[in-house]
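K.L.:
Here it is: the structure, laid out below.
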Amino acid sequence: MTATADPFEDDAKISWYRSPIDRDVLAGLMRRSDLRGWLQTGGHLGAYAATGTLAYLAFGNVDGGNWYWSVPLLLAALFVHGTLGQFTGLIAIHELMHRTVFRTKALNPFFEKVYAFLSWSDYLWYRASHVRHHRATCHREHDGEVVLPLRFSLRSRRFWLTMFAFYPPDAWAKLRTVWRHARGRIDGDWYNHVIPESNVDLRRRHRNWARTLLVGHGLLALVFVATGNWFLIVVFTFGAFYCRWLIFLCGQPQHYGLNSDVPDFRYNTRTFTCSWLPAFCYWNMQYHLEHHMFSAVPFYNLPKLRKAIEHDLPPATHGLRETWREMLAIRARAIADAAYRHTPAIPAGGA
580 MTATADPFED DAKISWYRSP IDRDVLAGLM RRSDLRGWLQ TGGHLGAYAA
630 TGTLAYLAFG NVDGGNWYWS VPLLLAALFV HGTLGQFTGL IAIHELMHRT
680 VFRTKALNPF FEKVYAFLSW SDYLWYRASH VRHHRATCHR EHDGEVVLPL
730 RFSLRSRRFW LTMFAFYPPD AWAKLRTVWR HARGRIDGDW YNHVIPESNV
780 DLRRRHRNWA RTLLVGHGLL ALVFVATGNW FLIVVFTFGA FYCRWLIFLC
830 GQPQHYGLNS DVPDFRYNTR TFTCSWLPAF CYWNMQYHLE HHMFSAVPFY
880 NLPKLRKAIE HDLPPATHGL RETWREMLAI RARAIADAAY RHTPAIPAGG
930 A
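Residues 580 to 930, numbered by my numbering, are exactly what the sequence shown covers, in order.
Below, the structure written as structure tokens:
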């Protein structure tokens, strides 16, 4: 196979603007808490287990005499379970990967792997990729994780099926990718950039993790079928494969419609506020601008960080409805003018 030139560079030397903040205040915000970490991970995994249990029990009670209530209950339970399952992937892994969730260091990588197994996530690639994303956010020569402008189609059948149901071709593509990784095959410029052939140890660990996913989930699926509990494949094996609507509504605004190649997170990263439930599911990443400026601050302290530097930040939209009203307006302008990029309003006196 002929090697192709790597289109990405690793020598980003970007002098990022960060809002001024008192050093002691920042030090306090950077403190980690095992209690807060347990409340989030325990609550999140507990809710995911509860909805999965409800779906499993509802399925076991469906019959011809009660279908009019048991089937709607089953579908509702699966909808909520899948919605929560989406956040067991790179959202939860993202926080744990930053090693800021728990004060006890060993708990962060432990739960990182738990979430990665539940969601079939490639946490080793993501860790290597995300370090670069933070170092060179939305700089095209250095960041292949988020390449602006982002696009999405509201007319695609696939879009709506993945939002509110299950799209088998996507699940099959995911399994094929894990299979290729288990064989040591890596495709794509960015993948090969962050997990290069020269890093033999990382390649080996990456391959072995893919094998762990295949063997682990495969054995569990066999147990589920052999014990007559095949529906657990829907609940556990593929619990993170359906109902993407909420993670899309929360996650798409992060950098959408904003600017590339600028050394100021205020121009390429968005913050919005929302009610407690999406904030809980989303691990407070609605405060995404603050997270990029000061990534060592745990997610549970981001609201306080926002208050400390809010005077220097663009105004945040409040709630998913207002956020998406702005997003769709930006999308409409970008469709009419492909060169359009939204420039947030920086407070007077801001750099």
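Beta carbons are placed, not taken as given, at the ideal position from N, Cα and C, and that holds for glycine.
When we look at the beta-carbon of residue 639 and count the other beta-carbons within 10 Å, is it buried (16 or more) or exposed?
P.N.:
On the sequence shown, position 60 is the one that residue 639 refers to. It is exposed - the Cβ of residue 639 has fewer than 16 other Cβ atoms within 10 Å.
K.L.:
Nearest to residue 863 by alpha carbon, out of 787, 792 and 852?
P.N.:
Walking along the sequence shown from the start, residue 863 turns up at place 284. The candidate whose alpha carbon is nearest that of residue 863 is 852.
K.L.:
Inspect the beta-carbon positions of residue 712 and residue 693 and report whether they are closer than 8 angstroms.
P.N.:
If you number the sequence shown from 1, residue 712 lands on position 133. If you number the sequence shown from 1, residue 693 lands on position 114. Cβ atoms of residue 712 and residue 693: not closer than 8 angstroms.
K.L.:
Going straight from the alpha carbon of residue 656 to that of residue 710, what length do you get?
P.N.:
Sequence index remark: in the sequence shown, residue 656 carries index 77 (1-based). Sequence index remark: in the sequence shown, residue 710 carries index 131 (1-based). Each residue's alpha carbon lies about 36 angstroms from the other.
K.L.:
Confirm, please, whether the CB-CB distance from residue 780 to residue 598 is below 8 angstroms.
P.N.:
Residue 598 sits at position 19 when you count from the first residue of the sequence shown. Residue 780 sits at position 201 when you count from the first residue of the sequence shown. No, these two residues do not count as a Cβ contact at 8 angstroms.
K.L.:
Kindly identify the DSSP beta-bridge partner or partners of residue 850.
P.N.:
Locating residue 850 in the sequence shown gives position 271, where the first residue counts as 1. In the DSSP output, where bridge partners are listed per residue, residue 850 has 866.
K.L.:
With a threshold of 8 angstroms between beta carbons, is residue 912 in contact with chain D?
P.N.:
Of the protein chains in the structure, only one exists, and it is not chain D.
K.L.:
Within 10 Å of its beta-carbon, does residue 622 have 16 or more other beta-carbons around it, so buried, or fewer, so exposed?
P.N.:
Along the sequence shown, read from residue 1 onward, the residue named residue 622 stands at position 43. The residue in question, residue 622, is exposed, as its Cβ has fewer than 16 Cβ neighbours within 10 Å.
K.L.:
Considering Cα atoms alone, identify which of 802, 811 and 861 is closest to residue 831.
P.N.:
Within the sequence shown, numbered from 1, the residue matching residue 831 stands at position 252. Measuring from the Cα of residue 831, the nearest candidate turns out to be 861.
K.L.:
Which residue comes first and which comes last in the alpha helix (DSSP H) that contains residue 696?
P.N.:
In the sequence shown, counting from the first residue as 1, residue 696 sits at position 117. 686-698 is the extent of the alpha helix (DSSP H) around residue 696.
K.L.:
Do the CB positions of residue 848 and residue 868 come within less than 8 angstroms of each other?
P.N.:
Locating residue 848 in the sequence shown gives position 269, counting from the first residue. Locating residue 868 in the sequence shown gives position 289, counting from the first residue. The answer is yes: Cβ separation under 8 angstroms.
K.L.:
Hey, out of 809, 820, 733 and 708, whose CA is closest to residue 769's CA?
P.N.:
By 1-based counting over the sequence shown, the position of residue 769 is 190. Looking at the Cα atoms, 708 is the closest of the given residues.
K.L.:
For residue 840 and residue 873, I'd like the C-alpha separation in whole angstroms.
P.N.:
By one-based count along the sequence shown, residue 840 stands at place 261. By one-based count along the sequence shown, residue 873 stands at place 294. Each residue's Cα considered, the two are about 19 angstroms apart.
K.L.:
Could you give the distance in angstroms between the alpha-carbon of residue 647 and the alpha-carbon of residue 653?
P.N.:
Position 68 of the sequence shown, counted from the first residue, corresponds to residue 647. Position 74 of the sequence shown, counted from the first residue, corresponds to residue 653. If you take the alpha carbons of residue 647 and residue 653, they lie about 11 angstroms apart.
K.L.:
Tell me, to the nearest whole angstrom, how far the beta carbon of residue 793 is from that of residue 758; I am working on the premise that it is less than 8 angstroms.
P.N.:
Along the sequence shown, one-based indexing puts residue 793 at 214. Along the sequence shown, one-based indexing puts residue 758 at 179. The Cβ separation is near 7 angstroms, so the contact holds.
K.L.:
Who are the Cβ neighbours of residue 594 in its own chain at under 7 angstroms, not counting the five residues just before and after it?
P.N.:
The residue you call residue 594 lines up with position 15 of the sequence shown. Counting only residues of its own chain and dropping the five nearest sequence neighbours on each side, residue 594 has a CB closer than 7 angstroms to the CB of 842.
K.L.:
So, using beta-carbon positions, are residue 828 and residue 899 closer together than 8 angstroms?
P.N.:
For the purposes of this step, residue 828 is taken as residue 249 along the sequence shown, with counting starting at 1. For the purposes of this step, residue 899 is taken as residue 320 along the sequence shown, with counting starting at 1. Yes, the Cβ-Cβ distance between residue 828 and residue 899 is below 8 angstroms.
K.L.:
Going by DSSP in three states, residue 843 sits in which element: helix, strand or coil?
P.N.:
For the purposes of this step, residue 843 is taken as residue 264 along the sequence shown, with counting starting at 1. Strand.
K.L.:
Where does residue 813 land, buried or exposed, given buried means 16+ other C-beta within 10 angstroms?
P.N.:
In the sequence shown, residue 813 corresponds to position 234, counting from 1. The residue in question, residue 813, is buried, as its Cβ has 16 or more Cβ neighbours within 10 Å.
K.L.:
Quick check on DSSP: helix, strand or coil for residue 956?
P.N.:
Examination of residue 956 is not possible in this model, given that the chain is present from 580 through 930 alone.
K.L.:
Would you identify the three-state DSSP class for residue 922, choosing helix, strand or coil?
P.N.:
Taking the first residue of the sequence shown as 1, we reach residue 922 at position 343. DSSP places residue 922 in the coil class of the three-state scheme, outside both helix and strand.
K.L.:
Use the C-beta contact count for residue 877: other C-beta atoms within 10 angstroms, 16 or more gives buried, fewer gives exposed.
P.N.:
Taking the first residue of the sequence shown as 1, we reach residue 877 at position 298. It is buried - the Cβ of residue 877 has at least 16 other Cβ atoms within 10 Å.
K.L.:
With a threshold of 8 angstroms on Cβ separation, who are the neighbours of residue 750 within its own chain once the five nearest residues in sequence on each side are excluded?
P.N.:
Here residue 750 corresponds to residue number 171 of the sequence shown, with the count starting at 1. Hits under 8 angstroms: 817 and 820.
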